[in-house]
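Participant: Per our numbering, the very first residue in the sequence shown carries number 52; after that it's consecutive.
Glycine is no exception: its CB is placed at the ideal position from the N, C-alpha and C atoms.
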Amino acid sequence: MFSRNLPRGIIFLSDLGIVFVSLVLAYLVRFNFVIPETELVTFKFVFPIVLGIRAFTFFLFKTYSGIIRYTSTKDVQRIMTTLTTGSAIFCLINPVSYYFSDTYIVPFSVIIIEFLLSVFIMTTSRMLIKILYVESMNPTREKTNVIIFGAGESGIITKRTLDRDAGTKYKVLAFIDDNVKKVDKKVEGVKIYDAKEDLEQLLAENEVQHLIIAIQNLSPVRKQELIELCLKYKTKVLNVPPVTNWINGALSFKQIKKINIDDLLERDPIKLHTAAITEQLKGKRIVITGAAGSIGSEIVRQVLKFGPAKVVMLDCAESPLYDLELEIGELRQSNITEPVIADIRNRERMENVFRTFKPQIVFHAAAYKHVPMMENNPSEAILTNVLGTKNTAELADQFKVEKFVMISTDKAVNPTSIMGATKRIAEIFIQSLNKKSNTAFITTRFGNVLGSNGSVIPRFKKLIEARQPITITHPEITRFFMTIPEACQLVLEAGAMGKGGEIFIFDMGKSVKITDLAKKMVQLSGLELGKDIQLVFTGLRPGEKLYEELLNNEENTIPTHHEKIMIAKVIEYDFEAVKEHITELIQLFDDQNNEAIVKKMKAIVPEYISNNSVYEVLDSQKNQP
Numbered sequence: 052m053f054s055r056n057l058p059r060g061i062i063f064l065s066d067l068g069i070v071f072v073s074l075v076l077a078y079l080v081r082f083n084f085v086i087p088e089t090e091l092v093t094f095k096f097v098f099p100i101v102l103g104i105r106a107f108t109f110f111l112f113k114t115y116s117g118i119i120r121y122t123s124t125k126d127v128q129r130i131m132t133t134l135t136t137g138s139a140i141f142c143l144i145n146p147v148s149y150y151f152s153d154t155y156i157v158p159f160s161v162i163i164i165e166f167l168l169s170v171f172i173m174t175t176s177r178m179l180i181k182i183l184y185v186e187s188m189n190p191t192r193e194k195t196n197v198i199i200f201g202a203g204e205s206g207i208i209t210k211r212t213l214d215r216d217a218g219t220k221y222k223v224l225a226f227i228d229d230n231v232k233k234v235d236k237k238v239e240g241v242k243i244y245d246a247k248e249d250l251e252q253l254l255a256e257n258e259v260q261h262l263i264i265a266i267q268n269l270s271p272v273r274k275q276e277l278i279e280l281c282l283k284y285k286t287k288v289l290n291v292p293p294v295t296n297w298i299n300g301a302l303s304f305k306q307i308k309k310i311n312i313d314d315l316l317e318r319d320p321i322k323l324h325t326a327a328i329t330e331q332l333k334g335k336r337i338v339i340t341g342a343a344g345s346i347g348s349e350i351v352r353q354v355l356k357f358g359p360a361k362v363v364m365l366d367c368a369e370s371p372l373y374d375l376e377l378e379i380g381e382l383r384q385s386n387i388t389e390p391v392i393a394d395i396r397n398r399e400r401m402e403n404v405f406r407t408f409k410p411q412i413v414f415h416a417a418a419y420k421h422v423p424m425m426e427n428n429p430s431e432a433i434l435t436n437v438l439g440t441k442n443t444a445e446l447a448d449q450f451k452v453e454k455f456v457m458i459s460t461d462k463a464v465n466p467t468s469i470m471g472a473t474k475r476i477a478e479i480f481i482q483s484l485n486k487k488s489n490t491a492f493i494t495t496r497f498g499n500v501l502g503s504n505g506s507v508i509p510r511f512k513k514l515i516e517a518r519q520p521i522t523i524t525h526p527e528i529t530r531f532f533m534t535i536p537e538a539c540q541l542v543l544e545a546g547a548m549g550k551g552g553e554i555f556i557f558d559m560g561k562s563v564k565i566t567d568l569a570k571k572m573v574q575l576s577g578l579e580l581g582k583d584i585q586l587v588f589t590g591l592r593p594g595e596k597l598y599e600e601l602l603n604n605e606e607n608t609i610p611t612h613h614e615k616i617m618i619a620k621v622i623e624y625d626f627e628a629v630k631e632h633i634t635e636l637i638q639l640f641d642d643q644n645n646e647a648i649v650k651k652m653k654a655i656v657p658e659y660i661s662n663n664s665v666y667e668v669l670d671s672q673k674n675q676p
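What follows is the structure, encoded as structure tokens:
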């Protein structure tokens, strides 16, 4: 019955009908239900004038354009404005009529009564239809209890959205707010409570299915506190998107989304020194290796914001690079980007790239990064992570690149895996090269990033969606996490401040226990751990650490002007000795002798101690007299 919208013409005619009824009733009330003959004669002239003016104002203010079943206070305000305007016109006409004929066209008392009746009937009829629609959509009268965090404008709009979208069957039990000045007041008939003092009690005493966060600038720390409390009481947390994301400036229920695990790991936004980064990148020719990867592609996006002359997006992965090219094209920045298919292991091909584009800045993100995979393929690991870096760095020196920024990993610190050891060797090479080059070679080192290819969070999401057991290697394993944009912003910041030879490490915050992460992801999905989803511990994978580190045992840090970036005090190496060692390592590729390759890696990086790996035997041999 109420699922279809009434045509605007019918609403328009209905409103005119209400005006007619109100006018008749106004005359009856004014004359005690005995209308004099003279007034009846006048009514014949009054009737078309009143209807004509009302029709004009209805058309002017478009009272017929709203959807009746979604009537809100704004619609009521529009009706009041429209009817007031019409009545004001009557009041202006009356003195003119009296001036020429010594009579009023419409008695002022009739104008007032008709106005009041029209307001009452038009608003109540709309509200009645709205109530009937709500009841029809929810015949069982079951409601989903909701608490809205934020009693400001966004919170009020959220409540109105819930009220309008009756099919959702939501009931707002309370507003909560951190602003104590709002506490104990009412908004839209709903009481405001103190978020810090009253929320837990509200959750404990009521079956609250959802908490909707309707504050746009809520700090990550406060958001995490709310989520943690709601998880305790099995209350789902929803988030109102920023106003800029609302469709046509209006909030719809479908836009209110569930909080995800990224919100629990979210941190305060990074304050970039944009002037320094702009000076570094504006008008420059930039090569980004590994541009199609999760880190490389975000570096491309970030760099493009600073007005470079040319951005060469280099990768050997054809399809992901093509996808990135399409994305950049949609941003209308393809005129300054150049997708290039190339393998950093191929010296001749890379030399052609450098000769063609003459880069001034290089961001080196290309690498193999999956620990278990590299543990089984050490020859490929050294070919990409070591030889590929060596090729790119030496070409940067040869073609007089201003800065070379390498993306490293926390797994390079006291490495326990082949992947980590290869990245540490790459660090050592570019640090030693820096001492004899005019190019500034800079290393950035950070931990896991949220949402990167192969990271734990996307994998957990897939398992939860499929209702499959979540596999974790060890109950005590922990990892550092940061978002991809955050990591890449810090890379640009470090690149701008680097003079050459530094290893910049990033403030990763507190390490996160992977077991706790999995439990929270299950809870946020509305499922119950142990019932809907099981946790299965599989044992540490080859080369895997229980705990990640950002500094080795012989390093400490120096602060920088950025509170999230520090410089590691590192060991210095002789370039010629390092180059000789790496040349010998690369030559071992031809024999495909994995044991010999790993043994040489351990000679270059003495702190490399294998963990849960077949190569542990080499460590025991090394320690034998």
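#1: Roughly how many angstroms separate the alpha carbons of Glu627 and Thr494, rounded to a whole number?
#2: Using 8 Å as the cut-off, can you tell me whether the region 347-360 makes contact with the region 523-542, which would need three or more C-beta pairs spanning the two stretches below that distance?
#3: Taking Ile307 as the reference, give the member of Glu381, Leu213 and Ser370 with the closest Cα.
#4: Among Phe414, Asn485 and Arg510, which residue has its Cα nearest to the Cα of Ile346?
#5: Can you tell me the Cα-Cα spacing of Tyr115 and Phe511, whole angstroms?
#6: Label Ser169 either buried or exposed according to how many other C-beta atoms from any shown protein chain fall within 10 Å of its C-beta, with 16 as the threshold for buried.
#7: Measuring CA to CA, which of Thr175, Ala255, Gly552 and Arg518 is closest to Ser488?
#8: Would you tell me roughly how many angstroms separate the C-alpha atoms of Val70 and Ser160, rounded to the nearest one?
#9: Could you have a look at His261 and say whether DSSP puts it in helix, strand or coil?
#10: Closer than 8 Å by C-beta to Gln482: which residues in its own chain qualify, once you throw out the five before and the five after it? Chain order, please.
#11: Beta-carbon within less than 6 Å of Thr522's beta-carbon, same chain only, minus the 5 sequence neighbours each way: which residues are those?
#12: Determine the direct distance from the alpha carbon of Pro58 to that of Thr136, and round the result to whole angstroms.
#13: Would the beta-carbon of Thr435 fall within 8 Å of that of Ala418?
#14: What residue from Pro271, Gly68 and Ile637 has the CA that sits closest to Ala477's CA?
#15: Starting from the Cα of Val573, find the closest Cα among Met173, Lys285 and Ile528 and give me that residue.
#16: Closer than 8 Å is the cut-off here; do at least three beta carbon pairs connect the region 647-655 with the region 429-445?
#17: Starting from His632 and walking both ways along the alpha helix (DSSP H), at which residues does that stretch end?
#18: What does DSSP give as the partner residues of Tyr244 in its beta bridges?
#19: Give the secondary structure of Ser459 by DSSP, where H, G and I count as helix, E and B as strand, and everything else as coil.
#20: Excluding the 5 residues preceding and the 5 following Ser54 in the sequence, name in chain order all residues of the same chain whose CB lies nearer than 7 Å to its CB.
#21: Which ranges does the alpha helix (DSSP H) cover as unbroken runs of at least 4 residues, wholly within the region 371-454, from first to last along the chain?
#22: Round the Cβ separation of Gly546 and Gln331 to the nearest angstrom and send it over; I've been treating them as touching at under 8 Å.
#23: Can you have a look at Leu183 and say buried or exposed, based on whether 16 or more other CB atoms are within 10 angstroms of its CB?
#24: What does the Cβ neighbour count give for Phe532, buried or exposed, with the cut at 16 atoms within 10 Å?
#25: For Ile584, which three-state DSSP category applies?
#26: Can you find at least 3 beta carbon pairs, one from the region 249-267 and one from the region 194-206, that sit closer than 8 Å?
#27: Check this for me: beta carbons of Asn662 and Glu595, under 8 Å apart or not?
#28: Look at the Cβ atom of Thr490, then the Cβ atom of Lys451, and state whether they are nearer than 8 Å.
#29: Quick one, are the C-beta atoms of Thr340 and Leu365 less than 8 Å apart?
#30: Could you give the C-beta distance for Asp235 and Ala246, rounded to a whole number, given that I count them as a contact under 8 Å?
#31: When the distance is taken between beta carbons, is Phe112 closer than 8 Å to Thr133?
#32: Around the Cβ of Tyr598, are there at least 16 other Cβ atoms within 10 angstroms (buried) or fewer (exposed)?
#33: Which residue's Cα is closest to the Cα of Gln585: Glu376, Lys571 and Glu667?
#34: Considering only residues of the region 529-563, which uninterrupted beta strand (DSSP E) runs meet the minimum length of 3 residues and lie entirely inside it, listed in chain order?
#35: Using the Cα positions of Pro293 and Ile163, report the straight-line distance between them to the nearest angstrom.
#36: Terminal residues of the continuous alpha helix (DSSP H) containing Arg475?
Facilitator: Based on what the coordinates show:
#1: 20 Å
#2: Taking 8 Å as the limit for Cβ pairs, the verdict is that the region 523-542 does touch the region 347-360.
#3: Leu213
#4: Phe414
#5: Those two C-alpha atoms are separated by around 51 Å.
#6: buried
#7: If we check each option's Cα against that of Ser488, Gly552 comes out closest.
#8: Straight through space, the alpha carbons of Ser160 and Val70 are spaced by roughly 16 Å.
#9: Note: His261 maps to strand in three-state DSSP.
#10: Phe492, Thr494, Gly552, Ile554, Val621, Glu623 and Tyr624
#11: Val587 and Thr589
#12: Annotation: Thr136 to Pro58 spans about 25 Å, alpha carbon to alpha carbon.
#13: yes
#14: Ile637
#15: Lys285
#16: Three or more Cβ pairs drawn from the region 647-655 and the region 429-445 lie within less than 8 Å of each other, which places the two stretches in contact.
#17: Phe626 to Gln638
#18: Under the DSSP definition of a beta bridge, Tyr244 partners with Ile227.
#19: Here DSSP, grouped into helix, strand and coil, assigns Ser459 to strand.
#20: Low confidence applies to Ser54: its pLDDT is 45, below 50, so where it sits in the model is not reliable, and the reading given next is rough at best. Hits under 7 Å: none found.
#21: 398-408, 422-426, 429-432 and 440-449
#22: 7 Å
#23: exposed
#24: With 16 or more other Cβ atoms within 10 Å, it is buried.
#25: strand
#26: The region 249-267, when compared against the region 194-206, does touch it at the 8 Å Cβ threshold.
#27: yes
#28: yes
#29: yes
#30: Not a contact, Cβ separation roughly 13 Å.
#31: yes
#32: exposed
#33: Put simply, of Glu376, Lys571 and Glu667 the residue whose alpha carbon is nearest the alpha carbon of Gln585 is Lys571.
#34: 532-534 and 554-557
#35: 44 Å
#36: Ile469 to Asn485
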